[in-house]
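Visitor: So for the sequence shown, the UniProt record's numbering puts the first residue at 1; every next one is plus one.
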Amino acid sequence: MSELYNVGKIVNTQGLKGEVRVISRTDFPDERYKKGASLLLIQEGKAPIELIVASHRKHKNFDILSFEGMSSINDVEKFREGILKITADQLQDLPENEFYLHEIVGLSVQSEDGELLGKIKEVLSPGANDVWVIQRPKQKDLLIPYIEPVVKKVDLEHQMVTIHLLEGLID
Numbered sequence: 001m002s003e004l005y006n007v008g009k010i011v012n013t014q015g016l017k018g019e020v021r022v023i024s025r026t027d028f029p030d031e032r033y034k035k036g037a038s039l040l041l042i043q044e045g046k047a048p049i050e051l052i053v054a055s056h057r058k059h060k061n062f063d064i065l066s067f068e069g070m071s072s073i074n075d076v077e078k079f080r081e082g083i084l085k086i087t088a089d090q091l092q093d094l095p096e097n098e099f100y101l102h103e104i105v106g107l108s109v110q111s112e113d114g115e116l117l118g119k120i121k122e123v124l125s126p127g128a129n130d131v132w133v134i135q136r137p138k139q140k141d142l143l144i145p146y147i148e149p150v151v152k153k154v155d156l157e158h159q160m161v162t163i164h165l166l167e168g169l170i171d
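(1) Let me make sure I understand the geometry here. Which of 75, 76, 86 has the alpha-carbon closest to that of residue 29?
(2) Would residue 105 and residue 76 be called neighbours here (beta carbons separated by less than 8 Å)?
(3) Got a sec, what are the start and stop residues for the alpha helix (DSSP H) residue 103 sits in?
(4) Taking residue 155 as the reference, which of 145, 166, 109, 139 has the closest Cα?
(5) What does the alpha-carbon distance come out to for the pair residue 61 and residue 45?
(6) In three-state DSSP terms, what is residue 80?
(7) Can you name, in chain order, every residue of its own chain whose Cβ lies under 8 Å from the Cβ of residue 59, other than the five neighbours on each side?
(8) Could you tell me which of 33, 35, 17, 10 sits nearest to residue 23, measuring between CA atoms?
(9) Can you give the Cα-Cα distance for residue 40 and residue 141, rounded to whole angstroms?
(10) Mapping DSSP to helix, strand and coil, what is residue 167?
(11) Roughly how many angstroms separate the alpha carbons of residue 134 and residue 160, rounded to a whole number?
(12) Quick one: what's got a C-beta closer than 6 Å to residue 121's C-beta in the same chain, skipping five residues either side?
(13) Buried or exposed, going by whether 16 or more other CB atoms sit within 10 Å of the CB of residue 116?
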C-alpha cells in the first residue's frame, strides 16, 4: 500500500443520521471532505475501510461528515477514534515555498556557513508563522521561525535546509 497521510480524526458521532465529528488535520478541508471524495478509515487492528464523503459542513471547531450508504448513527458509531487518511496520489501540489509536514520533518539543518545544526523533529504552528524544532546533539532543541530572513533554502532532494542564524536564535 502506498504511503498514507492523516487528514483528520473521527472523535464522535453527530446526531442520529450517520454524521461524524472530525478534528481536521488538513489545510484543505474543502478539497478533502467534498462530496464524492475518497477517504481511508484506519483503526487499530482492523483492515482499512474506504469511505466516500456524502456531505460536509462546519460546526464549531469540527468538520461534520457523512458517508455514502451510512444514514444512521448505528452505521458510524464503530468509526469513533478512527483516523481518516488519504493516499500519496491524492496530495496536491503546493505553491512554491510551501511544504507538507512529512516533507520537512527529518530534514537536516545547516547554517549558511555549512555548520550542521541538527534535524527537524517537529513543526509547531503557534501563530502567524510555523516554528521548526531542530533537535541538536547534546544540546537543547533550537526553535527557528519559518520566515524568509531565517530559512534560506529547502532542498528536498538532498534532505537539507539552510538557515541564516539571526542574532539571538542560538543562546
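All residues carry an ideal CB built from backbone N, CA and C; glycine is no exception. Since this is a predicted model, take the numbers as computed values, not measurements.
Guide: In short:
(1) Locating residue 29 in the sequence shown gives position 29, where the first residue counts as 1. Cα-wise, what sits closest to residue 29 is 86.
(2) In the sequence shown, counting from the first residue as 1, residue 105 sits at position 105. In the sequence shown, counting from the first residue as 1, residue 76 sits at position 76. Not a contact, by the Cβ cut-off of 8 Å.
(3) Taking the first residue of the sequence shown as 1, we reach residue 103 at position 103. Per DSSP, residue 103 belongs to the alpha helix (DSSP H) from 101 to 104.
(4) Taking the sequence shown and counting its residues from 1, the one referred to as residue 155 is at position 155. The option with the nearest alpha carbon to residue 155 is 109.
(5) Locating residue 61 in the sequence shown gives position 61, where the first residue counts as 1. Locating residue 45 in the sequence shown gives position 45, where the first residue counts as 1. Distance between the alpha carbons of residue 61 and residue 45 is about 29 Å.
(6) As a working note, residue 80 is residue 80 in the sequence shown. In this structure, residue 80 counts as coil in the three-state DSSP scheme.
(7) Stepping through the sequence shown from its first residue, residue 59 is reached at position 59. Correct list, in chain order: 14, 21.
(8) Counting from 1 along the sequence shown, the entry for residue 23 is found at position 23. When only C-alpha atoms are compared, the closest one is 10.
(9) Start at 1 with the first residue of the sequence shown, and residue 40 comes out as number 40. Start at 1 with the first residue of the sequence shown, and residue 141 comes out as number 141. Approximately 35 Å between the Cα atoms of the pair.
(10) Walking along the sequence shown from the start, residue 167 turns up at place 167. Coil.
(11) Position 134 of the sequence shown, counted from the first residue, corresponds to residue 134. Position 160 of the sequence shown, counted from the first residue, corresponds to residue 160. For residue 134 and residue 160, the distance between alpha carbons rounds to 12 Å.
(12) One-based indexing of the sequence shown puts residue 121 at position 121. Counting only Cβ-Cβ distances below 6 Å, and skipping sequence neighbours, we find 133, 135.
(13) As a first step, residue 116 must be located in the sequence shown, where it is residue number 116. Label assigned to residue 116: exposed.
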